[in-house]
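Report on the following structure.
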Amino acid sequence: MKHIVAGIVAHVDAGKTTLSEALLYQSGAVRQLGRVDNGDAFLDPDDLEKQRGITIFSHQASLTYENLQLTLLDTPGHVDFASQTEQVLSVLDYAILVVSATDGIQGYTRTLWRLLEHYQVPTVVFVNKMDAVTADRDRVLSQLQTTFSPGCIAFEGTNLSAEATENVAMQDDDVLADYLETGELADKTVRQLIHQRQVFPCFFGVALKLDGVDDFLSGLSYWTQENNYPDEFGAKVFKISHDQDERLTWVRLTGGVLANKDVILGEQKVNQLRVYNGSKFTVHPQVVAGEVCAIPNLTDTHPGQGLGQQAAGRTPEIQPVLTYTVDPGDNDIHRCLTVLQELEDEDPQLHVTWSNQLQEIRVQIMGSVQLEILQQLLRDRFHLTLGFGAGSILYKETITQPVEGVGHFEPLRHYAEVHLLLEPTPRGSGLTFAADCSLEVLGKNWQHQVLTNLRAKEQLGVLVGAPLTDVKITLVTGRASIVHSVGGDFREATWRAVRQGLMMLRQKQACQLLEPWYQFRLEIGQDQVGRAMNDIQRMHGQFDTPDGTTSADGMVVLTGTAPVAEMQDYTQEVQAYTHGKGQLECLVDGYRPCHNQAEIVAAQDYAPVADLPNTPDSVFCAHGAGYPVPWDEVPGMAHVDYAYSPAALRSLG
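Below, the structure is given as structure tokens:
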């Protein structure tokens, strides 16, 4: 029997959990058709999910239909929990994308499609709510083809119409040539095109009424293909959860077999292998490649981690943009920190930080709904009532010119000098590291030390101390001492070189502050368009010119982008001036240059030289003692000639 793991994803209220329940019911996996609004959905077992009527955590279920054994992973539908959805995507064979026939492609649907493309997950589409008066099959299919891919093609169960067959063939030149020559298209070829993300089967139905669900299951069974796995053990961690006093590590096996009592992660033994179905589980003596299980009480595991021969996953695409200060009230602050760190264990994107200097806890959040859920989770699970200060923006920093930074670390009996070339890279590329240094100049071991230390901590900018991004850092030259150099010397020299280069650029006004921007969709009355446009311009946003069309109820849609800092509280304003009829939908659209950099830098009043753990200054040695040298004097005292002249740096820029 074929076994695949599929995740079900959707914009909130598209009917994702309803479809999950329909699949389980129609396949005979459950006897009762659960309802989200009744609080009895099989895949929303958590009390918090029942209260809220939304999926907050990812859950697992199993079903069998015809020759298909399907492990179904349900995911949250609200954008504030997108990081939990992203954790699941990296372990899927296929994704089921649910689209509402009444709403079509919504903002978060686009984000999900981008993530599915990023993780190269083959995708099957189910267009739900086809019984609505406003549902239009052709309109939705056309929108899918225009917005996502021409490969979005209507399927009906295991059969392809002549038109669908021709459309499938047209998605690949070689397949089309063969089809035109023979007049036939093999089912195996269709499966391969689906698996290669060239074709995206689209099914239509009404999950709540089980309409189209049989066809969808038949299609899923017939048009999917099972992966081949290596014999060597490998697994990917995609989720951490806590069940009472137990910490659960959720893994998808990507190779070999994992048996009870096997040793993984150093000397840690697998003490139990659980396969969950909703909130219940069965204990298995072993699991094989392709299967999903939870392992209790492992330590030092985290989402994205690779076990055995499996490589670690990519850095998550979804990152929070707001940071909040925790108000512990009458609670012990260290207990609050411990509890929040447990929640961070489950969702690493919380980024819980503790400042010894300020005696303050900070957490990073996607949005207001996540903050509400976090507060309720703290009350329900830990009996803690915590307050949170006003959310502030998570800025990032980058550079606009190349520079060669120098770090020198030479206290008595220690020695290291490092020269790093810092270059701006395209927006969204993050930090990249490289070495372009002769082994005769700096040995392989020392070069490895430099690159390792660049990755060892978050590199900060010098404008407000925000994380550095969109920069390539290349080791270009340096020096070690045969007698006095140790690894720690190169750690110090490397970090100082980054900061010294940034300070040089700050002096030239070549450092840039970045802020998160929203992509928004604003629905307002026709008589309110002028007010909305003025508001968006006031918020330093941009909008597309409305096409002049209005909906049946006289509403107009404005789309565009605006800084999160300006628009994050605009929802309440929209509700007020539209008397509750308007809707604002915002999705984070990445980082762009800050619209009020001078104001933010002045307000933050960050002193980079006073940030001692990230000092730009160097340490030299004279007369048997080390002494500090300010960053701007380092170039004149460096022991190694610069690899790049000012003219050469200008040519790079």
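The numbering of the sequence shown is UniProt numbering, which starts it at 1 and goes up by one.
Every residue gets a Cβ at the ideal spot worked out from N, C-alpha and C, and that includes glycine.
Predicted model, so just to flag it, every value in this text is computed and none were measured.
Quick check: residue i and residue j, are their CB atoms within less than 9 Å of each other?
{"i": "K457", "j": "T425", "result": "no"}
{"i": "P201", "j": "I153", "result": "yes"}
{"i": "Q251", "j": "K236", "result": "Here residue 251 is Val; the residue named in the question, Gln, does not match the sequence. Going by C-beta atoms, V251 is nearer than 9 Å to K236."}
{"i": "I96", "j": "A6", "result": "yes"}
{"i": "V257", "j": "V263", "result": "no"}
{"i": "K16", "j": "I4", "result": "no"}
{"i": "residue 683", "j": "P635", "result": "Lying before the first or after the last residue shown, residue 683 is absent from the chain, which here runs from 1 to 653."}
{"i": "T400", "j": "L505", "result": "yes"}
{"i": "I365", "j": "V352", "result": "no"}
{"i": "residue 654", "j": "T398", "result": "One cannot answer for residue 654 here, as it falls past the ends of the chain, which runs 1 to 653."}
{"i": "E86", "j": "P316", "result": "yes"}
{"i": "D347", "j": "S83", "result": "yes"}
{"i": "L24", "j": "A61", "result": "yes"}
{"i": "Q309", "j": "E226", "result": "no"}
{"i": "F57", "j": "Q370", "result": "no"}
{"i": "A101", "j": "R137", "result": "yes"}
{"i": "V564", "j": "G525", "result": "no"}
{"i": "L144", "j": "V125", "result": "yes"}
{"i": "V418", "j": "G461", "result": "no"}
{"i": "Q171", "j": "L193", "result": "yes"}
{"i": "M1", "j": "T64", "result": "yes"}
{"i": "R314", "j": "H118", "result": "yes"}
{"i": "V206", "j": "D131", "result": "yes"}
{"i": "L350", "j": "L378", "result": "no"}
{"i": "D605", "j": "W517", "result": "no"}
Could you give the residue range of the beta strand (DSSP E) that holds residue i?
{"i": "R427", "result": "It is not in any beta strand (DSSP E) - R427 carries neither H nor E in the DSSP assignment."}
{"i": "L144", "result": "No beta strand (DSSP E) holds L144; the alpha helix (DSSP H) holding it covers R137 to T147."}
{"i": "H408", "result": "V403 to F409"}
{"i": "Y591", "result": "Q583 to P593"}
{"i": "Y236", "result": "The sequence given here has Lys at residue 236, not Tyr. Start and end: G234 to D243."}
{"i": "F281", "result": "K280 to V283"}
{"i": "A622", "result": "S618 to A622"}
{"i": "V634", "result": "First-last for V634: V634 to M637, but that is the alpha helix (DSSP H), not the beta strand (DSSP E)."}
{"i": "D327", "result": "L322 to D327"}
{"i": "I373", "result": "Per DSSP, I373 belongs to no beta strand (DSSP E); it is in the alpha helix (DSSP H), S368 to F382."}
{"i": "V125", "result": "T123 to N128"}
{"i": "V277", "result": "Residue 277 is actually Asn in this sequence, not Val. Taken as a continuous stretch (DSSP letters only), the beta strand (DSSP E) holding N277 covers R274 to N277."}
{"i": "P646", "result": "Looking at the DSSP string, P646 is not in any beta strand (DSSP E); the run it does join, the alpha helix (DSSP H), is P646 to L652."}
{"i": "E523", "result": "C511 to G525"}
Can you check which of these residues, the options, is closest to residue i by C-alpha distance?
{"i": "D332", "options": "L386, F409 and V640", "result": "L386"}
{"i": "E156", "options": "P411, R139 and V127", "result": "V127"}
{"i": "Q106", "options": "P646, A132 and L587", "result": "L587"}
{"i": "V450", "options": "L421, R427 and G329", "result": "L421"}
{"i": "E566", "options": "V321, V140 and R114", "result": "V321"}
{"i": "Q286", "options": "F148, V275 and L19", "result": "V275"}
{"i": "Q305", "options": "N277, S161 and L253", "result": "L253"}
{"i": "F409", "options": "Y94, V619 and Y119", "result": "V619"}
{"i": "P630", "options": "M1, V288 and L612", "result": "L612"}
{"i": "Q198", "options": "E181, V175 and L210", "result": "V175"}
{"i": "V30", "options": "T75, N277 and G104", "result": "N277"}
{"i": "Q359", "options": "Q196, T325 and A610", "result": "T325"}
Identify the continuous alpha helix (DSSP H) that holds residue i and give its terminal residues.
{"i": "C336", "result": "I333 to E346"}
{"i": "K16", "result": "K16 to Q26"}
{"i": "M503", "result": "G487 to Q507"}
{"i": "K444", "result": "K444 to A456"}
{"i": "H195", "result": "D187 to H195"}
{"i": "W631", "result": "No alpha helix (DSSP H) holds W631; DSSP gives it neither H nor E."}
{"i": "G151", "result": "It is not in any alpha helix (DSSP H) - G151 carries neither H nor E in the DSSP assignment."}
{"i": "H118", "result": "G107 to H118"}
Throw me the rounded Cβ distance for the residue i and residue j pair, which I believe falls under 8 Å.
{"i": "L584", "j": "F543", "result": "With a Cβ gap of about 12 Å, L584 and F543 do not count as contacting."}
{"i": "Y395", "j": "V476", "result": "That belief does not hold up - the Cβ atoms of Y395 and V476 are roughly 29 Å apart, past 8 Å."}
{"i": "A532", "j": "L558", "result": "6 Å"}
{"i": "L412", "j": "A625", "result": "6 Å"}
{"i": "G443", "j": "A480", "result": "7 Å"}
Check: Does the region 208-222 touch the region 243-251, meaning 3 or more C-beta pairs lie closer than 8 Å?
Finding: no
Check: Can we say the region 400-410 touches the region 496-515, given the rule of at least three CB pairs closer than 8 Å?
Finding: yes
Check: Okay, do the region 375-383 and the region 596-604 touch, 3+ Cβ pairs below 8 Å being the bar?
Finding: no
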